[in-house]
Amino acid sequence: MLASRLSRQLLSRVSARRLSGEAMQLKVGIVGAGAVGTYFGVRLAELGHDVRFLLNPGEAPPKALTVNSWQGDFELDAPTYASSPGELAAAGEALDWVLVGLKSTALDGDGAGQMARLVGPAVGDGTRVQLLMNGLGAEELAADAFGASKIHGGLVYGGFGRPAPDAVLHEGMATELRGGSFVDDPAEIAAAERLWSPAAGGAPPPGAIVYAPQPCLRLAQWSKLAWNIPFNGATVCSNSNVGTLWRSDGGKAAAIGLMREVIRAANADLAHAGAEPRLDEEATVDALCAITDKMAEQDYVPSTTCDFLSGNRMEVEAIFKEPLRRATKLGVDAPRLHMLAALLDIINEKQ
1 MLASRLSRQL LSRVSARRLS GEAMQLKVGI VGAGAVGTYF GVRLAELGHD VRFLLNPGEA
61 PPKALTVNSW QGDFELDAPT YASSPGELAA AGEALDWVLV GLKSTALDGD GAGQMARLVG
121 PAVGDGTRVQ LLMNGLGAEE LAADAFGASK IHGGLVYGGF GRPAPDAVLH EGMATELRGG
181 SFVDDPAEIA AAERLWSPAA GGAPPPGAIV YAPQPCLRLA QWSKLAWNIP FNGATVCSNS
241 NVGTLWRSDG GKAAAIGLMR EVIRAANADL AHAGAEPRLD EEATVDALCA ITDKMAEQDY
301 VPSTTCDFLS GNRMEVEAIF KEPLRRATKL GVDAPRLHML AALLDIINEK Q
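Here UniProt numbering is used: the first residue of the sequence shown is 1, the next is one more, and so on.
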């Protein structure tokens, strides 16, 4: 009885610390430890959190994981690994967070079943789920599987590669996670901010990931898609890069036309969901054109195009087809998006 009472008191104190925002070590599982998942997991370990990585099938566990970044290098010695999602919660301990860095192609087909199989065994009653996935639809699947209130979405900015199984290379823009609560709950966003803070308090290291809270997750997702859909798709269909496409008068006009279709679909979807914010079409196009001017100078190759060139299956469902379904359902005329999604679907089936 005494042991049980002490256990309840300890749990109560831990819960109070979490609610108050006090710094503390959190237990985090990484599902989908590719370039993004590994990078984010190592950076969380650098903050002092207890991080466990789910091994990819057939992968031997590296003895260390190294991040090489112009923002600061870090090496995680003797990482903790699990061979199944359920093993991420060591000795029956519930995880505080599960980060999901899977490609959205992992959910193609039976998305709900795949979400439950790949992520579900790691999710306890008090576990929050942070998705680091492209496009639309994964958050809805996770909400159905685990409960909407504990689901977080996140838009990853950075630029990562995995030159070796034990290393991640970061060469792009400063790493940022534009994250938000699936139900746009400020208390949940505050919980996420604690995750991306040093476990012992104090100032974060130079390479720490910046968490940029998004009051409306759906708006943030569509904002990124307004660039990703035109350039990820058109560079595949033209077998080119952003610079080549943008320097072509026809390519530039087609990309801007796609931007406008996506923005109109976004605003219809936001209105349908009862969300207050909207994307200003002209201001958004101007901002995206300014971003593209800079990326064109580098002849940037988007992630979907990298998958295409590597012969890997592209994330057509989440980045193109789900936005198109929402546009069609809400009566938004999007002929360019319709054509692009159809072409990419055909290309994908040939990969």
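All C-beta atoms in this analysis are idealised placements derived from N, C-alpha and C, irrespective of residue type, glycine included.
With DSSP as the reference, please indicate the residues paired to residue i in a beta bridge.
i	result
Arg97	The sequence given here has Trp at residue 97, not Arg. Note: Trp97 sits in a beta bridge opposite Val28, Arg128.
Ala164	Ala167
Gly180	Gly153
Asp50	Lys27
Ser69	His170
In the structure shown, what three-state DSSP assignment does residue i receive?
i	result
residue 358	The chain is shown only over 1 to 351; residue 358 falls outside these bounds and no answer can be derived.
Ser310	helix
Arg194	helix
His272	helix
Arg278	coil
Thr328	helix
Val42	helix
Val123	coil
residue 352	This structure cannot speak to residue 352, because the chain is shown only from 1 to 351.
Asn56	coil
Thr284	helix
Ala106	helix
Ala89	coil
Ala82	strand
Ala35	helix
Ala64	strand
Met259	helix
Pro205	coil
Gly233	helix
Asp345	helix
Rounded to the nearest angstrom, how far is the Cβ of residue i from that of residue j, given a contact under 8 Å?
i	j	result
Ser84	Pro121	7 Å
Gly179	Ala200	No, Gly179 and Ala200 are not in contact; Cβ-Cβ is about 22 Å, not under 8 Å.
Gly101	Phe40	7 Å
Thr305	Thr235	5 Å
Arg336	Glu261	6 Å
Arg52	Ala90	7 Å
Leu88	Ala94	Not confirmed; about 10 Å, so no contact.
Asn348	Arg313	6 Å
What does the alpha-carbon distance come out to for the pair residue i and residue j?
i	j	result
Leu47	Asn68	16 Å
Val36	Pro213	19 Å
Leu65	Gly29	15 Å
Ala142	Ser248	41 Å
Leu76	Leu44	10 Å
Lys350	Lys27	41 Å
Ile346	Gly92	45 Å
Ala174	Tyr157	7 Å
Ala290	Gly159	19 Å
Gln25	Trp196	11 Å
Thr292	Ser310	24 Å
Asp73	Gly207	7 Å
Asp96	Pro204	20 Å
Val31	Asp108	17 Å
Trp222	Ser238	24 Å
Ala167	Pro323	34 Å
Asp307	Asn56	18 Å
Thr80	Gln71	24 Å
From this set, the options, which residue's C-alpha is nearest residue i's C-alpha?
i	options	result
Asp144	Gly172, Gln114, Gly135	Gln114
Gly147	Phe160, Val129, Gly154	Val129
Lys150	Leu136, Phe160, Asp166, Asp185	Asp185
Lys294	Gly250, Asn241, Gly58	Asn241
Val98	Ala265, Leu155, Gly126	Gly126
Ile209	Asp96, Glu176, Leu88	Glu176
Ala220	Asp73, Ser238, Ile263, Glu282	Ile263
His338	His272, Gly109, Ile229, Gly250	Ile229
Asp50	Ala138, Gly161, Val316, Pro198	Pro198
residue 352	Leu131, Gln71, Ala138	Residue 352 is absent from the model: the chain starts at 1 and stops at 351.
Lys63	Leu55, Ala33, Ala273, Ala78	Ala78
Leu169	Pro323, Ala296, Gly34	Gly34
Trp246	Asp307, Gln298, Asn348, Leu279	Gln298
Arg218	Leu288, Arg278, Thr328	Arg278
Leu136	Gly331, Leu270, Ala342	Leu270
Kindly say whether residue i, judged by its beta-carbon, lies nearer than 7 Å to any beta-carbon of chain B.
i	result
His272	Here chain B cannot be found, since the structure has a single protein chain.
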